[in-house]
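Numbers 27 to 360, taken from the working numbering, label the letters of the sequence shown in order.
Think of the CB as a built atom: it goes at the ideal place given N, C-alpha and C, for glycine as much as any other residue.
Following: one structure in structure tokens, then a few remarks.
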Amino acid sequence: MLNKKTIKELPKIELHCHLDGSIRIETLEKLAAKEGLSKKSLSKVMAPKKCLNLKEYLESFEVILPLLQSEENLSIAAFDLIEQAGNENVCYIEIRFAPLFHQQKGLSIEQIIQAVVQGIRKAQEKFDVQANLIVSAMRHHTDQQNAELIDSLKKSQNEAIAGFDFAGDEQQVGNDKIKRTTALAIDAGLGLTLHSGECGCAQNVVEAIHLGATRIGHGVAIREDIDAMKLCSEKNILLELCPTSNLQTNAISDWCAYPLRLFMTQNIACCINTDNRTVSQTTLTNEYHLLAEHCQLTVSEMKQLNVNAVNGSFATAPVKAALMKKINQAYPSN
């Protein structure tokens, strides 16, 4: 069986990792002290091992977001995440965040993005981690707010921004309501990944694909819909699976029901991710170890999951080629 030491040492790719949910608790404590807040204010940062629902899981972010309202703090957060990735040999990561959540003190979208990029670049001087950004729009924001967000991205033309995402409560705001914004994102040349099929039905995943998404955040709801699984296979859609998070939010009841093996038998491309490292108290190494323990994941299957991630990433062709070479050299050939 794959052990943690082997998993940690092998190069890994992560495509679904939220900045705000993945800042180490020690760093959050420093930011809280800097902002004049007590450690007690961070008591709900880590979500319960088993939440009542996705809404309870998302309550953790209400505590974190007030700490991420300055350029300096955003840079510190981005540095922290790249350091974590480097320490467990994640050689490429796509970091997603919602700029509209960081404007409480008047920062512009450009300032927010530049601050995150600055933190990444500083960390890359010490850690061998390639990174791109995925900008998340929120389902509860208006079409106008999200259109203005994309307009700001087009004006900034920051090469670190590779993709666009929609996050939030998919049960309250379905994919039929975000058509206008996703069309604008695709028109702006951004890769499209959508949170879908996490707590909603398989139809949300089908609608996301029709909107132009090449990747689906979570997508586990399709496990009960053979037609949706067939569509994902035929369209070569990549599912960004986040096992610990899926179990925490009750998207999946328990490990016996986790659909990784099912998806593999249905020829559906999957990759493995943390979702929120701190909120879910996990690492990418831990996610793979859990899959080895509960789903009997092998080293060759781990390699394939990372190859899937490279192929589905929003990286440039040269970066993809370099990552593929790194994976092929590091993993056993048989």
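Beta-carbon proximity list for residue i, same chain, < 8 Å, skipping 5 on both sides
{"i": "Asn79", "result": "Cys225, Thr275 and Asn276"}
{"i": "Thr309", "result": "Gln110, Glu114, Thr300 and Arg303"}
{"i": "Val155", "result": "Ile108, Ala111, Gly112, Val116, Cys117, Tyr118, Ile119 and Ala149"}
{"i": "Ala239", "result": "Thr208, Leu218, Thr219, Leu220, Ser222 and Ile263"}
{"i": "Lys180", "result": "Ala214"}
{"i": "Lys346", "result": "Val336, Asn337 and Ser339"}
{"i": "Leu63", "result": "Pro92 and Leu93"}
Buried or exposed (CB count within 10 angstroms, at least 16 for buried), residue i
{"i": "His42", "result": "buried"}
{"i": "Arg241", "result": "buried"}
{"i": "Asn262", "result": "exposed"}
{"i": "His315", "result": "buried"}
{"i": "Gly47", "result": "buried"}
{"i": "Lys351", "result": "exposed"}
{"i": "Arg249", "result": "buried"}
{"i": "Glu40", "result": "buried"}
{"i": "Glu313", "result": "buried"}
{"i": "Thr291", "result": "exposed"}
{"i": "Gly338", "result": "buried"}
{"i": "Asn334", "result": "buried"}
{"i": "Ala343", "result": "exposed"}
Separation of residue j from residue i, as counted between CA atoms
{"i": "Ala109", "j": "Asp280", "result": "Looking at the sequence provided, one finds Glu at residue 109 rather than Ala. Distance between the alpha carbons of Glu109 and Asp280 is about 31 Å."}
{"i": "Ala356", "j": "Phe105", "result": "26 Å"}
{"i": "Ile353", "j": "Lys329", "result": "7 Å"}
{"i": "Met164", "j": "Leu349", "result": "31 Å"}
{"i": "Arg147", "j": "Val246", "result": "34 Å"}
{"i": "Phe153", "j": "Asn172", "result": "33 Å"}
{"i": "Cys117", "j": "Ala211", "result": "27 Å"}
{"i": "Glu319", "j": "Met27", "result": "8 Å"}
{"i": "Ala186", "j": "Ala157", "result": "8 Å"}
{"i": "Leu323", "j": "Gln170", "result": "45 Å"}
{"i": "Asp202", "j": "Ala234", "result": "9 Å"}
{"i": "Lys81", "j": "Ser359", "result": "43 Å"}
{"i": "Phe192", "j": "Ala341", "result": "19 Å"}
{"i": "His236", "j": "Ile51", "result": "39 Å"}
{"i": "Lys30", "j": "Gly132", "result": "43 Å"}
{"i": "Ala103", "j": "Leu36", "result": "25 Å"}
{"i": "Tyr83", "j": "Gly194", "result": "12 Å"}
{"i": "Asn184", "j": "Ile176", "result": "12 Å"}
Cutoff 7 Å; reference residue i; Cβ partners in own chain excluding five residues on either side
{"i": "Glu93", "result": "According to the sequence provided, residue 93 is Leu. The question's Glu does not apply to it. Hits under 7 Å: Leu54, Leu57, Ala58, Glu61 and Asn99."}
{"i": "Gln361", "result": "It is not possible to answer for residue 361, since the shown part of the chain is limited to 27 through 360."}
{"i": "Val232", "result": "Ala254 and Leu257"}
{"i": "Lys65", "result": "Glu55 and Ala58"}
{"i": "Glu85", "result": "Lys70"}
{"i": "Leu331", "result": "Cys296, Cys297 and Ile298"}
{"i": "Gly223", "result": "Asn230, Val231, Ile242, His244, Gly245, Val246, Ala247 and Ile248"}
{"i": "Lys34", "result": "Glu114, Asn115 and Thr311"}
{"i": "Leu91", "result": "Asp46 and Phe127"}
{"i": "Ser259", "result": "Gln292, Asn293 and Ile294"}
{"i": "Leu286", "result": "Leu267, Cys296, Leu317 and Cys321"}
Given residue i as reference, the closest of the options once Cα atoms are compared
{"i": "Gln140", "options": "Leu286, Leu349, Val155 and Phe123", "result": "Phe123"}
{"i": "Gln130", "options": "Ser96, Asn115, Asn29 and Tyr118", "result": "Ser96"}
{"i": "Leu107", "options": "Leu45, Gly132 and Thr308", "result": "Leu45"}
{"i": "Phe289", "options": "Glu313, Glu327 and Leu310", "result": "Glu327"}
{"i": "Thr270", "options": "Asn293, Ile298, Ile248 and Asn113", "result": "Ile298"}
{"i": "Met182", "options": "Ile135, Glu313, Met72 and Asp191", "result": "According to the sequence displayed, residue 182 carries Ser and not Met. Of the listed residues, the one whose Cα sits closest to Ser182 is Ile135."}
{"i": "Glu174", "options": "Ala149, Asn201, Ala214 and Arg303", "result": "Ala214"}
{"i": "Thr208", "options": "His244, Thr168 and Val89", "result": "Thr168"}
{"i": "Gly243", "options": "Ile160, Asn293, Thr304 and Lys205", "result": "Ile160"}
{"i": "Lys76", "options": "Leu273, Gln292 and Glu88", "result": "Leu273"}
{"i": "Cys282", "options": "Ile294, Leu317, Ala103 and Ile252", "result": "Leu317"}
{"i": "Leu189", "options": "Asn337, Leu216 and His166", "result": "Sequence check: residue 189 is Gly here, not Leu. Selected option, being the one with the closest Cα: Leu216."}
{"i": "Ile252", "options": "Ala228, Gln150 and His128", "result": "Ala228"}
{"i": "Glu120", "options": "Lys30, Arg287, Asn230 and Lys38", "result": "Lys38"}
{"i": "Ser178", "options": "Ile138, Arg206, Gly194 and Gln150", "result": "Ile138"}
{"i": "His166", "options": "Leu237, His236, Lys180 and Leu126", "result": "Leu126"}
{"i": "Tyr284", "options": "Val305, Cys321 and Leu264", "result": "Cys321"}
{"i": "Ser67", "options": "Ile204, Leu237, Glu88 and Tyr83", "result": "Glu88"}
{"i": "His221", "options": "Lys180, Ile278 and Ser162", "result": "Ser162"}
{"i": "Thr365", "options": "Leu63, Pro344, Gly238 and Val325", "result": "The requested residue 365 is not part of the displayed model; the chain covers only 27 to 360."}
{"i": "Pro74", "options": "Lys346, Val345 and Val305", "result": "Val305"}
{"i": "Leu265", "options": "Val336, Ile204 and Arg206", "result": "Val336"}
{"i": "Val362", "options": "Ile49, Val345, Ala347 and Lys346", "result": "Outside the modelled stretch of the chain, which goes from 27 to 360, sits residue 362, for which no answer is possible."}
Beta-bridge pairing of residue i - partner residues as DSSP gives them
{"i": "Ala157", "result": "Ile119"}
{"i": "Glu40", "result": "Ile119"}
{"i": "Glu266", "result": "Gly243 and Cys297"}
{"i": "Gly238", "result": "Answer is none; Gly238 lacks a bridge partner."}
{"i": "Phe192", "result": "Ala163 and Leu220"}
{"i": "Ile187", "result": "Leu159"}
Cutoff 6 Å; reference residue i; Cβ partners in own chain excluding five residues on either side
{"i": "Leu267", "result": "Cys296 and Ile298"}
{"i": "Gln307", "result": "Met72"}
{"i": "Ile204", "result": "Phe192"}
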